[in-house]
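Student:
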Amino acid sequence: MTTAQRLLSLSLMGGLTLAVAPLAGAQGPFGDLDDTDRQAVRTALEACRDNNEEREDRKACADAVFAQYGIEKPEGHGRRGQRRGQHDGQKQDIPEDVREDLKACREDNAGDHEAAKTCAEEVFNENGLEMPEHRGRGQKIGHKFRSNIVETCGERENTDEWRACTKEARGTIRGEFQEEHPKAFNRFQNRRRRGGIHTSADLRAELRTCLEIDDNEELRECVFGVREAAREQSQN
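Here it is in structure tokens:
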């Protein structure tokens with residue numbers, strides 16, 4: 146198999162993973178969503194990947210999706226497996242006195258981001274700690290929304306009452322997100338309208354048929370055909 150064929154194979158299997166993921170049930174950060182929202186999130190994330198060539202654009206798009214649904218994005222689980230706020234794989238606990246110094250950096254340099262950042266770097270260096278990576282706006286919004294859901298409905302429970310509460314809370318949160326961040330909200334909504342495999346019952350049926358194929362080459366060709374059909378539908 147040539148290098149080009151390997152790359153194509155990896156690309157197709159990556160798309161297959163995203164397409165099949167909603168069928169696998171509630172897991173990970175999507176466990177609090179109902180089936181409809183979970184499927185919408187998966188479809189939106191697939192659109193983020195397919196419609197953005199630059200990594201930063203894909204990341205910004207994904208952050209907007211997580212924020213829209215009040216999902217706290219798992220942090221630091223990148224290719225190298227390092228968590229933010231960790232050093233050499235070990236969790237970095239920040240002492241209370243250091244936290245107070247960092248708080249003073251923010252308060253003393255309110256309105257001057259660079260000065261506050263420089264102050265924080267000095268605090269970390271003086272205490273022999275590694276400064277954690279800065280959270281993006283999308284991650285901050287997602288964390289805020291997630292916290293609001295927990296505050297309104299409590300910690301996750303496997304009950305109909307808790308799920309109903311979170312569904313109502315997410316509706317309120319979406320309204321706030323639309324009001325506070327209209328541009329990001331509109332970008333997300335436009336991406337959702339572009340469609341995908343999960344917006345078509347026929348395409349989902351074709352995908353399930355593909356999954357019954359034992360031969361790997363035929364499987365990839367089948368999945369590739371379904372994805373191409375989805376792209377064509379989204380452009381019409």
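With the working numbering, letter number 32 in the sequence shown gets 177, and the count goes up by one each step, no holes. Backbone N, C-alpha and C fix where the C-beta goes; we use that ideal spot for every residue, glycine too.
1) Given residue 166, which residues of its chain have a CB within under 6 Å of its CB, disregarding the five upstream and five downstream residues?
2) Looking at the structure shown, is residue 292 part of a helix, part of a strand, or coil, going by DSSP?
3) Ends of the alpha helix (DSSP H) at residue 181?
4) Does residue 365 pass the burial test, meaning 16 or more other C-beta atoms within 10 Å, or should it be called exposed?
5) Residue 303 lies in the alpha helix (DSSP H); which residues open and close that run?
6) Decide if residue 208 is buried, meaning its Cβ has at least 16 other Cβ atoms within 10 Å, or exposed.
7) With 16 other CB atoms within 10 Å as the buried threshold, where does residue 302 fall?
8) Using beta-carbon positions only, say whether residue 214 and residue 308 come within less than 9 Å of one another.
9) Return yes when the Cβ of residue 247 is within less than 9 Å of the Cβ of residue 105, no when it is not.
10) Within 10 angstroms of its Cβ, does residue 198 collect 16 or more other Cβ (buried), or is it exposed?
11) Assign residue 311 to one of two classes, buried (16 or more other C-beta atoms within 10 Å of its C-beta) or exposed (fewer than that).
12) Where does residue 274 fall in DSSP's three states?
13) If you run the structure through DSSP and keep just helix, strand and coil, what is residue 365?
Tutor: So, from the data block:
1) Since pLDDT at residue 166 reaches only 42, below the 50 mark, its modelled position is unreliable, and no value is offered.
2) Reduced to three states, the DSSP call for residue 292 is helix.
3) 180 to 196
4) Around the beta carbon of residue 365, a 10 Å sphere encloses 16 or more other beta carbons of the protein chains shown; the residue is thus reported as buried.
5) For residue 303, no alpha helix (DSSP H) encloses it, and the DSSP letter there is neither H nor E.
6) buried
7) exposed
8) no
9) Here the chain has residues from 146 to 381 only, and residue 105 is not among them.
10) exposed
11) buried
12) In the structure shown, residue 274 sits in coil (DSSP, three-state: anything other than H, G, I, E or B).
13) Residue 365: helix per DSSP, three-state reduction.
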